[in-house]
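A short worksheet on the structure shown next.
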Amino acid sequence: MDAGIIIQVVLLLAGFVFLIKGSDFFVDGASSIAAILKVPTIIVGLTIVAFGTSAPEAAVSITSSLTGSNAMAVSNVIGSNLFNIMMVIGIAALLGDLLMEKSVLNKDLPFLVAITVLLAVFILIGGDISSIEGIILLLILIGYVFYLIRNAGQSGATNYVEKPKLSTPKSIIFIVVGLAGIIIGGDLVVDSASSIAMALGMSETLVGLTIVAIGTSLPELVTSITALRKGENQLVIGNVIGSNIFNILFVLGASSAISAIPISSSMIVDTAIMIAVTILCFIFGKTQEKYDKKEGFILVALFIAYMAFAIMRN
23 MDAGIIIQVV LLLAGFVFLI KGSDFFVDGA SSIAAILKVP TIIVGLTIVA FGTSAPEAAV
83 SITSSLTGSN AMAVSNVIGS NLFNIMMVIG IAALLGDLLM EKSVLNKDLP FLVAITVLLA
143 VFILIGGDIS SIEGIILLLI LIGYVFYLIR NAGQSGATNY VEKPKLSTPK SIIFIVVGLA
203 GIIIGGDLVV DSASSIAMAL GMSETLVGLT IVAIGTSLPE LVTSITALRK GENQLVIGNV
263 IGSNIFNILF VLGASSAISA IPISSSMIVD TAIMIAVTIL CFIFGKTQEK YDKKEGFILV
323 ALFIAYMAFA IMRN
């Protein structure tokens with residue numbers, strides 16, 4: 023392997039480390055600030071944790087949009103969402119049955135299906151995701167978060183984050199260092215992945231769908247495995263669905279608001295696959311209100327088949 027490619031691979035791995043550790047630092051610092059300010063747990067989960075686990079995708083896609091690598095911006099989100107549904111849920115289901123909360127099954131999962139279809143409509147209308155459509159996605163996110171917070175308040179949710187892990191000065195330092203790590207990591211991943219793609223004759227789309235998507239989805243995978251080890255199986259579903267909603271509404275919304283994202287014909291196919299897999303996830307949940315080993319195997323097998331298809335198509 024060429025020495026230049028080896029250097030770029032090392033930089034890519036370093037970028038993933040910055041992204042993941044930066045996300046950890048940010049979540050720890052922000053959670054401690056929330057505990058100090060007595061912010062309800064539900065709001066922390068909907069905002070801080072959702073942003074923290076999707077921060078790598080946000081950093082990569084927004085950086086890609088700013089540098090003109092728009093193909094990677096959208097392929098990263100689609101690839102991450104596919105990885106979350108097929109591999110994160112699939113692997114988790116193989117390790118143990120994943121029970122579905124009724125609120126997730128009846129509200130959050132249908133909402134994810136709806137915005138995935140809306141994204142496809144935006145793409146088919148103009149062959150791109152325009153700045154106006156990006157702003158619409160961001161407005162939908164704001165409305166969705168307000169809806170969840172209001173519902174939490176009406177249900178009498180009064181749980182708060184327990185004792186803060188860090189003091190106020192340390193929390194602020196963690197937030198600043200975390201955001202710096204996310205930004206630096208995003209730059210490293212985009213630059214090195216683009217260089218690798220050019221050197222190996224791979225398209226930015228393929229790199230975004232595979233290497234970058236899997237790398238930026240590591241926080242979701244780690245969070246889900248940790249939840250499984252603690253016996254909190256329902257958190258896996260919430261983590262994946264919440265992350266996928268955030269990826270479409272915030273990551274693609276912010277990226278396209280900065281600069282319209284043109285969509286290639288191959289990306290239309292990937293969007294259709296994302297819709298189909300999201301609907302399949304909904305059907306699996308509706309049939310028995312859980313994901314078992316059989317469904318886990320199907321999801322993992324589908325992801326392997328999709329990766330083979332994406333690579334051969336390149």
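Residue numbers (our numbering): 23 to 336. Glycine is no exception: its CB is placed at the ideal position from the N, C-alpha and C atoms.
The Cβ atoms of residue 116 and residue 322 lie closer than 9 Å to each other. Across the structure, residue 320 and residue 78 are spaced so that their CA atoms are roughly 27 Å apart. Contact annotation: residue 274 and residue 127 have beta-carbon atoms that are not nearer than 9 Å. In the three-state DSSP reduction, residue 27 falls in the helix class (H, G or I).
Less than 9 Å separates the beta-carbon of residue 285 from that of residue 96. Annotated three-state conformation of residue 285 is coil, per DSSP. One Cα belongs to residue 208, the other to residue 155, and the distance between them is close to 24 Å. Going by DSSP, residue 226 is part of the alpha helix (DSSP H) stretching over 226 to 229. For residue 318, the uninterrupted alpha helix (DSSP H) run begins and ends at 315 to 335, by DSSP.
In the displayed model, residue 120 falls within a strand according to three-state DSSP. Residue 30 sits buried, since 16 or more C-beta atoms from the chains shown fall within 10 Å of its C-beta. The shortest C-alpha to C-alpha distance from residue 205 to any of 253, 57, 113, 42 is the one to 42.
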